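Chemist: Quick one: this structure, given as structure tokens, is what I'll be asking you about.
In my numbering, the protein residues as written are 387 to 606.
Next up, the structure:
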């Protein structure tokens, strides 16, 4: 049986009201799973004085009220939080329809060609696997999904688009991202979905959560 190395996070102060709980200094799937589990278990076992919990790809930002709890006391509590992904609730799978190509996916043909695939073959490969939602952030509702198969690796574009519309499906570095607001991007734009993962009037304002899974389908 393969052994799993326990990842001990580093706790770093961010100003006078934040702690960054960091599990790695670069994207690592085990660290990503540990960060998601930590955030979800912290949400289910709240610490008095914590006002916000923000998971990222390999870290979790914990914002707190220093009038209610101090940095040292909070760090002591955070070290007791479970980091085992198996102890969190089962992930929800979201089925997302994508309209590939056309005006909404101007880079689709170039991406397929770079991978040595026809467009239909690339679309089939892109939608073949259920992906993990690695993080929600960077911009409101922006979703990172991964990881695609090793042979679906393309770099980011050399030029950055100043803005892509909400619902844009972005592809690079064996990941797919979904924009929920207008954002600049250096990722390839391969399609668009009608799902907009950000509603400021709703609570919570996002539908997709880190730790859930996602399945892509071709829109009719």
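All residues carry an ideal CB built from backbone N, CA and C; glycine is no exception. Please read these numbers as outputs of a predicted model, since none were measured by experiment.
Can you grab the Cα-Cα spacing for the pair residue 499 / residue 508, in whole Å?
Modeler: Each residue's alpha carbon lies about 9 Å from the other.
Chemist: Pick helix, strand or coil for residue 390, following the three-state DSSP scheme.
Modeler: Note that residue 390 scores 49 on pLDDT, short of 50, meaning its location in the model is unreliable; the coordinates nonetheless yield the value given after this. If DSSP states are grouped into helix, strand and coil, residue 390 belongs with coil.
Chemist: Which first and last residues belong to the beta strand (DSSP E) in which residue 557 is found?
Modeler: Where residue 557 is concerned, the enclosing beta strand (DSSP E) stretches over 554 to 558.
Chemist: Sort 414, 447, 594 by Cα distance to residue 438 and report the nearest one.
Modeler: The candidate whose alpha carbon is nearest that of residue 438 is 447.
Chemist: DSSP state of residue 512, grouped into three classes?
Modeler: Residue 512: helix per DSSP, three-state reduction.
Chemist: Would you give the residue range spanned by the beta strand (DSSP E) that residue 430 belongs to?
Modeler: Residue 430 -> not in any beta strand (DSSP E); alpha helix (DSSP H) instead, spanning 415 to 430.
Chemist: Whose CA, out of 481, 449, 480, 567, lies closest to the CA of residue 399?
Modeler: Nearest of 481, 449, 480, 567 to residue 399, Cα basis: 449.
Chemist: Between residue 522 and residue 464, which are expected to be in contact by the criterion C-beta below 8 Å, what is the C-beta distance as a whole number of angstroms?
Modeler: Wrong, their Cβ atoms sit about 21 Å apart, outside the cutoff.
Chemist: Can you give me the start and stop residues for the alpha helix (DSSP H) that residue 462 sits inside?
Modeler: It spans 457 to 464 - the alpha helix (DSSP H) in which residue 462 sits, taken as one unbroken run.
Chemist: Going by other Cβ atoms of all chains shown within 10 Å of its Cβ, with 16 needed for buried, is residue 479 buried or exposed?
Modeler: The residue in question, residue 479, is exposed, as its Cβ has fewer than 16 Cβ neighbours within 10 Å.
Chemist: Assuming residue 443 and residue 427 form a contact by the criterion Cβ under 8 Å, report the distance between their Cβ atoms to the nearest whole angstrom.
Modeler: Actually they are not in contact, since the Cβ atoms of residue 443 and residue 427 sit about 18 Å apart, beyond 8 Å.
Chemist: Nearest to residue 575 by CA position, among 559, 550, 583, is which residue?
Modeler: Selected option, being the one with the closest Cα: 550.
Chemist: One question on the structure: do residue 445 and residue 421 come within less than 7 Å of each other, judged by their Cβ atoms?
Modeler: Their beta carbons are under 7 Å apart, which means residue 445 touches residue 421 by this criterion.
Chemist: Candidates 566, 596, 571: which alpha carbon is nearest residue 585's?
Modeler: Comparing Cα positions, the closest option is 566.
Chemist: Is it right to say residue 537 is buried, meaning 16 or more other beta carbons lie within 10 angstroms of its own, or is it exposed?
Modeler: That one is exposed.
Chemist: Measure the beta-carbon distance from residue 496 to residue 604 and round it to whole angstroms, keeping in mind my assumption that it falls under 8 Å.
Modeler: That belief does not hold up - the Cβ atoms of residue 496 and residue 604 are roughly 19 Å apart, past 8 Å.
Chemist: Could you check the C-alpha separation between residue 505 and residue 578 for me, to the nearest Å?
Modeler: Each residue's Cα considered, the two are about 16 Å apart.
Chemist: Since residue 406 sits in a beta bridge, which residues does DSSP pair it with?
Modeler: In DSSP, residue 406 forms a bridge with 398, 447.
Chemist: At which residues does the beta strand (DSSP E) containing residue 440 begin and terminate?
Modeler: Segment 436 to 441, the beta strand (DSSP E) holding residue 440.
Chemist: Report back the beta-carbon spacing between residue 600 and residue 517 to the nearest angstrom; my notes put them in contact at under 8 Å.
Modeler: Right, their Cβ atoms sit about 5 Å apart.
Chemist: Are the CB atoms of residue 556 and residue 482 nearer to each other than 7 Å?
Modeler: No.
Chemist: For residue 441, does the count of other Cβ atoms within 10 angstroms reach 16, so buried, or fall short, so exposed?
Modeler: With 16 or more other Cβ atoms within 10 Å, it is buried.
Chemist: Quick one: using the 10 Å Cβ neighbour count with 16 as the cut-off for buried, is residue 554 buried or exposed?
Modeler: Under this definition residue 554 is a buried residue.
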